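Numbering-wise, the sequence shown is residues 1 to 366 according to full-length UniProt numbering.
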Amino acid sequence: MKPIAGAAGDVGHLELGMFGPNGTGHSMSKVPERWYPTWENNRDLALAAEAAGLDFHIPFARWKGHGGESNPQGAMLDPIVWAAGILAITKRIKVFTTVHTPFVHPIVMAKHLATMDHIGPGRVGVNIVSGWDREEFEMFGIPLREHDERYEYTKDWLDVMRTLWTADAPGHHRGRFFDLPGLIGEPKPRGKITLMNAGTSSAGRAFAVEHCDLLFNILVSPEACREEVATVKEAARRVGRSIDVYTTACIVCRPTRKEAEDYHDYYSREMADWPATDHLMQQLGMDCQSFSPEFYATFRNRFAAAHGHCSIVGDPGHVAEEIRRIRDTGVRGLTLGFIDFASEFSYFKDEVMPRLVDLRVRRPPG
């Protein structure tokens, strides 16, 4: 097996991190063991993830659940406060926050991020979200802009933050959406804030390529992901930039493949919250341009299982091999989701992560 150049200069090293433990997880399932986001279990998970050698932590940002019987993502710790807390208790792991640009003023967000970088210097990232959920916008009393205009707004929003982080004297920011005299902010971040965007529409992809360090891409299949990674990197090269790609997978790992498949069927079919699933798909189909209606019809069960993301289901050897296939697409990082982060990550750490070292997917710990 020929390893590829990976993260942080390590040949073959795939970054791994948690995704969404500040909420109830990815699934639209009614199973009672589904993760619930208390601060105590988030604290313990972050410390366990860092001790195991994981590279990053990324939160969800949701303001309203998806309804149904279980109301997935209805309970969620604020991603900005959460990130500051995780930074304060860890020493090495990179911690992202997630922000909806229409809901947080850029002057306020620039201060939040600069403060975070003083708590955890050089370990701060921000997942920049332009917004898509009409019901959340209605709850805030803010109009949902036309799709491509959302990214134009976000570009102006980001320019304000960058000015605050770099300007040594007050200036006047004059943009399409912000006209801000006397713009200045202290303290500055101590290091670079990593910028990530998850836009998969053409406008979202262009924004990420031109302005961000990372694109968060939905994994439909390793084959499709390989093509998308190559396309994204070529687009960045054409504008004189470089960008890396993260993707995500929900992990169902058990001692045998049958046990894993049986549990996956149980939580994503028998115990699926179909009203919540259909509500999520309807929301995305109405106000997000990432996928076609045919995609949603085909992948209804995939939404119930993992919010539309890929699931890796099997015994430890199979899970490790599937992660190797994902690494070989050229992605820099893989975010991990679990039904119950605590118990399932413990098994993943013990049984899968050593296999990833053996497969040269990750460097040895230490």
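For each residue, glycine too, the CB sits at the ideal point set by N, CA and C. As the structure is a prediction and not an experimental result, all values here were calculated from the model.
May I have the straight-line CA-CA distance separating residue i from residue j, to the nearest angstrom?
i: TRP35; j: ASP340; result: 5 Å
i: ASP133; j: LEU284; result: 7 Å
i: ALA48; j: LYS111; result: 29 Å
i: PRO121; j: GLU270; result: 45 Å
i: TRP39; j: PRO354; result: 29 Å
i: PRO364; j: VAL357; result: 6 Å
i: HIS13; j: ARG362; result: 4 Å
i: GLU351; j: GLY240; result: 41 Å
i: LYS94; j: ALA84; result: 11 Å
i: ILE312; j: GLY141; result: 39 Å
i: CYS253; j: GLU344; result: 8 Å
i: ALA52; j: LYS349; result: 7 Å
i: ARG176; j: PRO143; result: 17 Å
i: ASP44; j: LYS30; result: 24 Å
i: LYS192; j: PRO32; result: 41 Å
i: ARG123; j: ALA272; result: 37 Å
i: GLU322; j: SER70; result: 30 Å
i: ALA198; j: PRO255; result: 33 Å
i: ILE58; j: GLY125; result: 9 Å
i: GLU15; j: THR200; result: 21 Å
i: THR90; j: ALA46; result: 8 Å
i: THR335; j: GLY20; result: 9 Å
i: MET281; j: PHE216; result: 19 Å
i: TYR246; j: TRP274; result: 28 Å
By Cβ distance below 6 Å, which residues in the same chain neighbour residue i in space, the five residues on each side in sequence not counted?
i: THR277; result: MET28, PHE303 and ALA304
i: HIS307; result: HIS26
i: TRP63; result: GLU136
i: PHE178; result: ASP156 and VAL160
i: residue 420; result: No information on residue 420 is available, as it lies outside the stretch 1 to 366 that the chain covers here.
i: GLY185; result: ALA110 and LEU164
i: ASP287; result: The predicted position of ASP287 is uncertain, since its pLDDT is 47 and thus under 50; a value taken from the coordinates is nonetheless stated next. Cβ within range, chain order: TRP132 and ARG134.
i: GLY314; result: ARG257 and ALA260
i: GLY366; result: none
i: LEU180; result: HIS173
i: PHE96; result: ILE58, GLY125 and ASN127
i: TYR266; result: none
i: TRP82; result: ASN22 and PRO59
i: ALA7; result: Note that ALA7 has pLDDT 37, beneath the 50 cutoff, so the model's placement of it is unreliable and no number is given.
Considering only residues of the same chain and omitting the five flanking positions on each side of residue i, which have a CB-CB separation below 8 Å?
i: residue 367; result: Residue 367 lies beyond the stretch modelled for the chain, which goes from 1 to 366, so this question has no answer here.
i: ARG190; result: ASP117, HIS118, PRO121 and GLY122
i: MET139; result: TRP63 and LYS64
i: VAL220; result: CYS310
Looking only at its chain, what residues have a beta carbon closer than 7 Å to the beta carbon of residue i, apart from the 5 residues adjacent to it on each side?
i: residue 389; result: Outside the displayed span of the chain (1 to 366) sits residue 389, for which this structure offers no information.
i: MET109; result: VAL99 and MET161
i: PRO187; result: ALA114 and HIS118
i: ARG92; result: GLU50
i: MET76; result: ASN22, GLY23, PRO37, PHE60 and ARG62
i: TYR263; result: VAL252 and ARG254
i: ASN301; result: SER268 and ARG269
i: ALA320; result: VAL352, ARG355, LEU356 and LEU359
i: ARG145; result: TYR153
i: TYR347; result: CYS253
Taking residue i and residue j to be in contact with their CB atoms under 8 Å, please state how far apart those CB atoms are, rounded to whole angstroms.
i: residue 376; j: GLY17; result: The structure shown has nothing for residue 376, since the chain only spans 1 to 366.
i: ALA208; j: HIS147; result: At roughly 15 Å, the Cβ-Cβ gap does not stay under 8 Å, so ALA208 and HIS147 are not in contact.
i: LEU87; j: ILE128; result: Contact flag wrong, Cβ pair sits at about 18 Å.
i: ASP232; j: ARG257; result: Residue identity check: residue 232 is Val in the sequence provided, not Asp. Their Cβ separation, rounded to whole angstroms, is 33 Å, which puts VAL232 and ARG257 out of contact at 8 Å.
i: ASN22; j: PRO79; result: 6 Å
i: HIS309; j: GLY67; result: Going by Cβ atoms, the distance from HIS309 to GLY67 rounds to 20 Å, so no, they are not a contact pair.
i: GLY317; j: THR248; result: GLY317 to THR248, Cβ: 21 Å. No contact.
i: SER242; j: ALA236; result: 6 Å
i: ASN41; j: ALA342; result: 6 Å
Answer yes if the segment 151–170 comes into contact with the segment 96–105, meaning at least three C-beta pairs across the two stretches below 8 Å, and no otherwise.
-> yes
Contiguous alpha helix (DSSP H) assignments of at least 4 residues, all confined to the segment 201–268 = 202–211, 222–238 and 257–265
Counting Cβ pairs, one atom from each stretch, are 3 or more of them under 8 Å apart for the segment 218–237 and the segment 324–335?
-> yes
Within the segment 94–166, ranges of the beta strand (DSSP E) (whole runs, at least 3 residues) = 94–100 and 124–129
Can you list the alpha helix (DSSP H) stretches of 4 or more residues lying completely in the segment 36–70, in chain order?
-> 39–51
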